[in-house]
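These notes are about the structure you will find just below.
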Amino acid sequence: MNTRIYRTDLEPLEEIVKVCAGLLEKGELVAFPTETVYGLGGNGLNAEAARKIYEAKGRPSDNPLILHIGRKEQLYELVTEVPEKAEKLMEAFWPGPLTLIFGKKDCVPDTTSGGLQTIAIRFPSHPVARALLCACDFPVAAPSANLSGRPSTTKGSHVIDDLNGRISAIIDAGDVPIGVESTILDLSGSQPVMLRPGFISAAEIEHVIGPIAIDPAVTNDNIISHSIETAHPKAPGMKYRHYAPKAPVTVVSGETEAMIRAIKTHADESTGILTVDEHQDRYDKGIVLSVGSKEKPEEILHNLFDVLRSFDEVKVDRILAEDLSEEDTTGALMNRLLKSAGGNFLKTDEL
Ligand code: TXA
Ligand code: MG
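Residues -1 to 349, numbered by our numbering, are exactly what the sequence shown covers, in order.
Written out as structure tokens, the structure reads:
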């Protein structure tokens, strides 16, 4: 398939949006930027478009898609009930990186919801996403625009690497602002449950609606102890190996000096080392890539997927990553790093 690539810095947004909304209307797939990561969009009310999304990503079809809307009012057409807590959260965080799960109305095909009776809804804030969604009179189903299992895409070039030739169009708007996927909160049961940590932290949500539960399957301890396979996460996507570069990743933890020494001892020329600016000069072997400065946790979160993808280009045999717990302000950074490592987390003396 010939994939049309539209660059927002070269062509007027209005024209790009017009053509791409037309493709979506016809059931074709279009990748587009959101403030979190790029999304792989298809008409959310069209079961055939959902099937194409699963196929283009190589994604298991029991893994439900998030419906993206450009106007809040669309929500009421798609879900059975909007609890008061949802109204408060939408007031506080929409448009923005918070996905909410509700009971699903019948107009949403089972193929889109992965067979579940609930549906995830997101109202993104990125101007290109908003323009595209507002030009569609249907919700747009969009998982992250990466091949299944790979790190999510935070640049147009990442999307081209993964999906060129597999979908009808890609809207390339360069770098996305946040770089990690939305926080997912399930409001379909009696108590709100966080199913995936993201840019909006549990504390920020609790500030608005009071205590929430966290799905045990997505806590760092459970990812490390591999109990995720047995823990049956409520977000089906959280059970798969995810965000992984081609080389195996090990996260190394311990007191800073001991951690650096252990990584240096075990690294050779073909080892990838994932570090921070402050430690970059300490390593004399291997391919050393920094995710940013310890002083700027948001920058580290923003760069993580890009750095994980960069290791594929330089072809390393294994990746030793520094523990970034101290830089994790939202809970999303270590969740993604540990998942990219398949839970492989070792103390310096275990390496
Ligand atoms: O930031 C984001 O959320 C990005 C951008 C493109 O909006 N989208 C994204 O979608 O990350 P995806 O499909 O890569 O991840 C969605 C996750 C999956 O783990 C899926 O299993 C879970 O949300 N999910 C979706 N609908 C669900 C539902 N009804 N119940 C439980 N989990 C659900
Ligand atoms: Mg994804």
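Where is the CB? At the ideal position from N, CA and C, for every residue including glycine.
Any non-hydrogen atom of the ligand TXA within 8 Å of residue i CB
i, result
"residue 296", "no"
"residue 188", "no"
"residue 333", "no"
"residue 179", "yes"
"residue 220", "no"
"residue 41", "no"
"residue 351", "The structure shown does not extend to residue 351, since the chain spans only -1 to 349, so no value can be given for it."
"residue 118", "yes"
"residue 0", "no"
"residue 66", "yes"
"residue 195", "no"
"residue 232", "yes"
"residue 251", "no"
"residue 122", "yes"
"residue 147", "no"
"residue 63", "yes"
Residues bridged to residue i [DSSP beta-bridge criterion]
i, result
"residue 41", "138"
"residue -1", "Its beta-bridge partners do not exist; DSSP assigns none."
"residue 344", "250"
"residue 320", "250"
"residue 236", "Bridge partners of residue 236: none, in fact."
"residue 170", "5"
"residue 102", "77"
"residue 192", "183, 212"
"residue 286", "271"
"residue 29", "38, 168"
"residue 97", "182"
Separation of residue j from residue i, as counted between CA atoms
i, j, result
"residue 187", "residue 103", "16 Å"
"residue 86", "residue 278", "43 Å"
"residue 40", "residue 50", "8 Å"
"residue 283", "residue 175", "32 Å"
"residue 108", "residue 332", "32 Å"
"residue 191", "residue 206", "14 Å"
"residue 290", "residue 78", "43 Å"
"residue 266", "residue 224", "28 Å"
"residue 121", "residue 310", "32 Å"
"residue 48", "residue 119", "15 Å"
"residue 117", "residue 65", "8 Å"
"residue 36", "residue 147", "15 Å"
"residue 54", "residue 3", "16 Å"
"residue 250", "residue 281", "15 Å"
"residue 285", "residue 315", "10 Å"
"residue 5", "residue 295", "29 Å"
"residue 340", "residue 328", "20 Å"
"residue 256", "residue 335", "20 Å"
"residue 155", "residue 106", "32 Å"
"residue 274", "residue 76", "43 Å"
"residue 262", "residue 348", "14 Å"
"residue 89", "residue 165", "35 Å"
"residue 260", "residue 346", "6 Å"
"residue 197", "residue 124", "14 Å"
"residue 301", "residue 30", "19 Å"
"residue 232", "residue 96", "17 Å"
Secondary structure of residue i, DSSP reduced to three states
i, result
"residue 267", "coil"
"residue 224", "coil"
"residue 212", "strand"
"residue 155", "helix"
"residue 133", "coil"
"residue 308", "helix"
"residue 91", "helix"
"residue 295", "helix"
"residue 206", "helix"
"residue 65", "strand"
"residue 338", "helix"
"residue 118", "strand"
"residue 57", "coil"
"residue 326", "coil"
"residue 20", "helix"
"residue 314", "coil"
"residue 148", "coil"
"residue 108", "coil"
"residue 244", "coil"
"residue 143", "coil"
"residue 52", "helix"
Heavy atom of the ligand MG within 8 Å of residue i beta-carbon
i, result
"residue 144", "yes"
"residue 246", "no"
"residue 235", "yes"
"residue 156", "no"
"residue 383", "Shown here, the chain extends from -1 to 349; a query on residue 383 therefore has no answer."
"residue 240", "yes"
"residue 150", "yes"
Below-9 Å beta-carbon distance, residue i vs any chain D residue
i, result
"residue 20", "The structure shown contains no chain D, having only a single protein chain."
heavy atom of the ligand COA below 8 Å from residue i C-beta
i, result
"residue 210", "In the structure on display, the ligand COA does not appear, and the ligands it does have are the ligand TXA and the ligand MG."
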